[in-house]
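Note that the numbering used here numbers the sequence shown so that position 28 is 32, with each residue one more than the last. Glycine included, every Cβ here is placed at the ideal spot set by N, Cα and C.
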Amino acid sequence: MLDGKLVSLRELEAHDLDQLFLWDEKEDMYLFKGRYRFASQEDLKDNFIGYSFSQKIFIISSNQTPIGLASYWDENHKNRTCEFYARVYDKSVDPQLYLTESLNLLIKFLFTSENLSKIYTHISDPLDAIKQVLEKLGFIKEGTLREHRFVKGQYVDTQVYGQLVSKNNRVKA
């Protein structure tokens, strides 16, 4: 478990899947987009072990209450890189505040415990709350992948943000 003042990050467990489906009913969850599609809640539960093996998924909690998700995947041990993402789904909390602390915890973990040299993320929604947090934490916009994702009936650009461990001086313990 990764603990901060406002939030804690703990690994996703099978008993958390019901909460994920509640969030997914309100808005599409990033975990269920792309290559991982499940026919039903039971399908996900039946395939949970294989699904969680391909990426590390954390529940973001505040006062023991789940409020969002953080995850990383495509960890490349040779290049010491991975892709990550985080999102607060609880509409009763300030996403900027909770994402900032969640990302600080995740970034510190990735650079220290996982010994990575670079982390990056892809953002396709210009209104995504994570975008401002990334800039605040010193991430660099590395480029734009034009018409990279098909969202709501149209192709949209995707922004790539990254941070190098050598430039990481904003992560707080």
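Beta bridge counterpart(s) of residue i as assigned by DSSP
{"i": "Y93", "result": "Its beta-bridge partners do not exist; DSSP assigns none."}
{"i": "V155", "result": "Q158"}
{"i": "K145", "result": "Y165"}
Length of the line joining the Cα atoms of residue i and residue j
{"i": "T148", "j": "K30", "result": "29 angstroms"}
{"i": "S92", "j": "M5", "result": "Here residue 92 is Val; the residue named in the question, Ser, does not match the sequence. Rounded to the nearest angstrom, the two C-alpha atoms are 18 angstroms apart."}
{"i": "K49", "j": "S12", "result": "24 angstroms"}
{"i": "Y165", "j": "Q68", "result": "30 angstroms"}
{"i": "G142", "j": "E17", "result": "31 angstroms"}
{"i": "V137", "j": "E105", "result": "10 angstroms"}
{"i": "Q59", "j": "L131", "result": "25 angstroms"}
Test item: CB-CB of residue i and residue j under 8 angstroms
{"i": "L101", "j": "A90", "result": "no"}
{"i": "F88", "j": "L109", "result": "no"}
{"i": "K112", "j": "R84", "result": "no"}
{"i": "S96", "j": "L10", "result": "no"}
Residue span of the beta strand (DSSP E) that contains residue i, given as start and end
{"i": "K60", "result": "59-66"}
{"i": "A18", "result": "Run containing A18: none; DSSP gives neither H nor E here."}
{"i": "P70", "result": "69-80"}
{"i": "K122", "result": "122-127"}
Proximity test, Cβ basis, 8 angstroms: residue i and chain B
{"i": "E87", "result": "Protein chains in the displayed structure number just one, and chain B is not present."}
Residue i - containing alpha helix (DSSP H), residue span
{"i": "V11", "result": "Taken as a continuous stretch (DSSP letters only), V11 belongs to no alpha helix (DSSP H), as it is neither H nor E."}
{"i": "K112", "result": "99-116"}
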